[in-house]
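S.K.: Chains as they are written, first to last, in the numbering used here: chain V, 67 to 301; chain B, 67 to 301.
Glycine included, C-beta positions come from ideal geometry on N, C-alpha and C.
Sharing a structure, written as structure tokens. Questions coming.
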DNA sequence: CGGGATCGACTGGTCAAACCAATACGGCGA
DNA sequence: TCGCCGTATTGGTTTGACCAGTCGATCCCG
């Protein structure tokens with residue numbers, strides 16, 4: 067490890083950058099162990115406290131992993147892991163519910179398309195199981211909502227795209243707030259069950275077009291149901 | 067601020083989560099000032115060192131901003147700002163970059179479709195201006211990159227969907243890291259100029275289909291250019 | 001001789017108290 | 001009124017101590 071003393075000011079910031087560069091430059095490989103804090107602090111010419119601030123920052127970003135009593139290691143650096151904190155960016159927003167349907171329409175239909183060509187047998191089995199559970203919970207709105215969320219999440223996962231999964235889980239968190247308002251509407255539950263079955267069938271057939279269309283239709287059903295209820299409320 | 071003592075173990079981790087929740091729940095607004103470290107540490111029931119680790123982590127993620135001698139503030143929370151630290155992800159692996167292309171393909175083509183039906187004359191003028199500036203900067207990669215980003219951002223804004231704009235500005239910040247790898251490739255600049263002109267023309271005509279197709283074609287060009295470079299590197 | 005319990009060295013986690021350094025702000029003087 | 005300066009306040013860094021897990025070698029017992 068190439069290490070040079072760090073000037074006293076902005077020491078923590080520079081320590082972060084230094085370590086990050088070592089990781090980025092592959093001088094520290096995924097899974098590799100860092101020197102002990104006391105030793106690394108000495109090498110970098112900063113105090114242990116300052117170094118710990120730097121390490122903590124990188125741990126929170128899932129670039130490093132600290133194991134109490136053992137040591138600090140470079141994480142696997144899987145995109146899935148590194149993308150995790152990214153979700154925060156979207157979950158910040160709150161004025162979003164109005165435009166949520168549009169975003170879901172864009173993202174989820176395309177997710178369904180991608181999933182159609184990548185989903186494997188095991189995942190299709192999982193979708194079938196969720197459908198069965200949904201049927202069984204036909205009269206339990208709470209349970210139905212959970213299965214709803216589970217189904218959509220499983221489809222997104224089948225895209226195998228970590229970034230997309232992160233973005234959708236952010237959007238999904240927002241969607242949850244909206245869904246609690248729509249699931250209770252008369253007829254929506256039954257319609258959604260049928261829609262979901264159609265989506266899964268399309269995924270099984272492997273047709274991207276059919277899967278996308280089925281998802282789009284589903285979202286449209288929910289949206290119109292929500293819109294009409296909003297109108298009734300206004301009346 | 068609602069604060070409760072934190073159990074001694076995993077104190078730093080919990081302090082991060084606590085503050086993050088306050089920000090996410092808007093109990094701490096963008097630009098708002100946090101209590102002084104010594105005071106906040108007392109409120110959270112942790113030592114100042116531990117609290118500083120938490121604060122440092124959030125500073126590195128651009129969620130907080132510390133000003134020496136002044137105080138610690140919540141950042142503007144602009145998506146571009148929050149996404150910046152995660153450019154690291156893209157630079158780490160080409161795999162992540164491919165995921166990013168996929169996400170852009172999904173989102174930006176749909177943005178172009180939406181924009182086609184909502185864009186107004188003033189925005190089209192702006193796009194024309196950007197195109198002209200791009201032409202003028204044909205031989206200045208730096209400038210060309212800026213205009214590239216500007217054009218894509220303008221199209222996204224034309225969707226008039228705040229949530230979509232938010233998500234895309236996060237994705238756009240990530241894309242920045244990738245674009246620096248692609249802009250310099252021979253032929254890409256010229257191809258992109260032509261692609262951009264075609265996209266703007268489609269938007270002017272108001273055809274959602276044409277706009278989406280033009281955007282999809284553009285992204286595909288860039289992706290294949292990158293993929294072929296990656297192959298050359300491997301050879 | 002084999003295997004399990006034990007102990008100690010090492011590692012990260014937390015705390016405390018002090019001092020440095022930059023900023024804000026109020027009072028003072030020109 | 002304007003500008004300077006001092007002081008209180010705030011973040012930045014350091015040091016040293018102790019707590020709390022983990023690992024591995026050693027020791028003892030069966």
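Secondary structure at residue 293 of chain V, three-state DSSP: helix, strand or coil?
M.R.: Against the first chain, residue 293 of chain V aligns to sequence position 227. Correct three-state label for residue 293 of chain V: helix.
S.K.: With distances taken between CB atoms, is the gap from residue 110 of chain V to residue 78 of chain V smaller than 8 Å?
M.R.: Position 44 of the first chain holds residue 110 of chain V. Position 12 of the first chain holds residue 78 of chain V. Their beta carbons are not under 8 Å apart, which means residue 110 of chain V does not touch residue 78 of chain V by this criterion.
S.K.: Could you give the distance in angstroms between the alpha-carbon of residue 197 of chain B and the alpha-carbon of residue 185 of chain B?
M.R.: Start at 1 with the first residue of the second chain, and residue 197 of chain B comes out as number 131. Start at 1 with the first residue of the second chain, and residue 185 of chain B comes out as number 119. Those two C-alpha atoms are separated by around 16 Å.
S.K.: Quick one: residues in its chain with C-beta nearer than 6 Å to the C-beta of residue 131 of chain V, no 5 flanking neighbours on either side, listed in chain order?
M.R.: Looking up residue 131 of chain V in the first chain gives position 65. Counting only Cβ-Cβ distances below 6 Å, and skipping sequence neighbours, we find 139 and 141.
S.K.: Taking only three categories from DSSP, how would you classify residue 132 of chain B?
M.R.: Walking along the second chain from the start, residue 132 of chain B turns up at place 66. Residue state, collapsed to three classes: strand.
S.K.: Does DSSP put residue 137 of chain V in a helix, a strand or coil?
M.R.: On the first chain, residue 137 of chain V is found 71 positions in, with the first residue counted as 1. Correct three-state label for residue 137 of chain V: strand.
S.K.: Round the Cβ separation of residue 240 of chain B and residue 156 of chain B to the nearest angstrom and send it over; I've been treating them as touching at under 8 Å.
M.R.: Counting from one through the second chain, the residue named residue 240 of chain B turns up at place 174. Counting from one through the second chain, the residue named residue 156 of chain B turns up at place 90. Confirmed, about 6 Å.
S.K.: Which residue comes first and which comes last in the alpha helix (DSSP H) that contains residue 153 of chain V?
M.R.: As a first step, residue 153 of chain V must be located in the first chain, where it is residue number 87. Segment: none, residue 153 of chain V is in no alpha helix (DSSP H) and carries neither H nor E.
S.K.: Run down chain V in chain order and give the residues with a C-beta less than 7 Å from the C-beta of residue 304 of chain B.
M.R.: Within the shown structure, residues of chain B are numbered from 67 to 301, placing residue 304 of chain B beyond reach of any answer.
S.K.: What residues are listed by DSSP as bridge partners for residue 104 of chain B?
M.R.: By 1-based counting over the second chain, the position of residue 104 of chain B is 38. According to DSSP, residue 104 of chain B bridges with nothing at all.
S.K.: Note down the Cα distance separating residue 127 of chain V from residue 269 of chain B, rounded to an integer number of angstroms.
M.R.: Position 61 of the first chain, counted from the start, is the residue given in the question as residue 127 of chain V. Position 203 of the second chain, counted from the start, is the residue given in the question as residue 269 of chain B. Answer to the nearest angstrom: the Cα atoms are 39 Å apart.
S.K.: Within the continuous alpha helix (DSSP H) that includes residue 271 of chain B, where are the two ends?
M.R.: Start at 1 with the first residue of the second chain, and residue 271 of chain B comes out as number 205. 254-271 is the span of the alpha helix (DSSP H), which, as asked, contains residue 271 of chain B.
S.K.: Short check: CB of residue 166 of chain B to CB of residue 229 of chain V, under 8 Å?
M.R.: In the second chain, counting from the first residue as 1, residue 166 of chain B sits at position 100. In the first chain, counting from the first residue as 1, residue 229 of chain V sits at position 163. Yes, they are a contact pair.
S.K.: Which residues in the same chain as residue 263 of chain V place their Cβ atom closer than 8 Å to its Cβ, once the five residues preceding and following it in sequence are excluded?
M.R.: One-based indexing of the first chain puts residue 263 of chain V at position 197. Counting only Cβ-Cβ distances below 8 Å, and skipping sequence neighbours, we find 197.
S.K.: What is the DSSP secondary structure of residue 99 of chain V, reduced to helix, strand or coil?
M.R.: In the first chain, counting from the first residue as 1, residue 99 of chain V sits at position 33. Three-state result, residue 99 of chain V: strand.
S.K.: Could you tell me the alpha carbon to alpha carbon distance between residue 137 of chain B and residue 100 of chain B, rounded to whole angstroms?
M.R.: In the second chain, residue 137 of chain B corresponds to position 71, counting from 1. In the second chain, residue 100 of chain B corresponds to position 34, counting from 1. Cα to Cα, residue 137 of chain B sits roughly 7 Å from residue 100 of chain B.
S.K.: Near residue 226 of chain B, which residues of its chain fall below 7 Å by C-beta distance, leaving aside the five closest residues on each side in sequence?
M.R.: Stepping through the second chain from its first residue, residue 226 of chain B is reached at position 160. Counting only Cβ-Cβ distances below 7 Å, and skipping sequence neighbours, we find 184.
S.K.: Apply the 10 Å Cβ neighbour rule to residue 290 of chain V and answer buried if 16 or more other Cβ atoms are within range, or exposed otherwise.
M.R.: Translated into positions along the first chain, residue 290 of chain V becomes position 224. Exposed, because fewer than 16 other Cβ atoms sit within 10 Å of the Cβ of residue 290 of chain V.
S.K.: Since residue 82 of chain B is in the alpha helix (DSSP H), which residue starts that stretch and which ends it?
M.R.: Along the second chain, read from residue 1 onward, the residue named residue 82 of chain B stands at position 16. Unbroken alpha helix (DSSP H) run through residue 82 of chain B: 77-90.
S.K.: So, residue 124 of chain B versus residue 85 of chain B, is the Cβ gap smaller than 8 Å?
M.R.: The residue you call residue 124 of chain B lines up with position 58 of the second chain. The residue you call residue 85 of chain B lines up with position 19 of the second chain. It is a contact, given that the beta carbons lie within the stated cut-off.
S.K.: So for residue 147 of chain V, helix, strand or coil by DSSP?
M.R.: Here residue 147 of chain V is taken as the residue at index 81 of the first chain, counted from 1. Looking at residue 147 of chain V - three-state DSSP - the assignment turns out to be helix.
S.K.: Would you grab the beta carbon distance between residue 234 of chain V and residue 173 of chain V for me? Rounded to a whole angstrom, and I think it's under 8 Å.
M.R.: If you number the first chain from 1, residue 234 of chain V lands on position 168. If you number the first chain from 1, residue 173 of chain V lands on position 107. Right, the Cβ-Cβ distance comes to about 6 Å (below 8 Å), so this counts as a contact.
S.K.: Would you verify that the beta carbon of residue 281 of chain B is, or is not, closer than 8 Å to some beta carbon of chain V?
M.R.: As a working note, residue 281 of chain B is residue 215 in the second chain. Judged by the 8 Å Cβ criterion, residue 281 of chain B is not in contact with chain V.
S.K.: Taking Cβ-Cβ distances below 7 Å as the criterion, which residues of the segment 161-186 of chain V are in contact with chain B?
M.R.: The segment 161-186 of chain V vs chain B, Cβ under 7 Å: 161, 162, 165, 166, 168, 169, 172, 173 and 176.
S.K.: For residue 28 of chain V, return the contacting residues in chain B, with the cut-off set at a CB-CB distance below 9 Å.
M.R.: The structure shown does not extend to residue 28 of chain V, since chain V is modelled only from 67 through 301, so no value can be given for it.
S.K.: Would you mind working out which of B/207, B/203 and B/187 sits nearest residue 220 of chain B, comparing C-alpha positions?
M.R.: On the second chain, position 154 is the one that residue 220 of chain B refers to. Comparing Cα-Cα distances from residue 220 of chain B to each of B/207, B/203 and B/187, the minimum goes to B/187.
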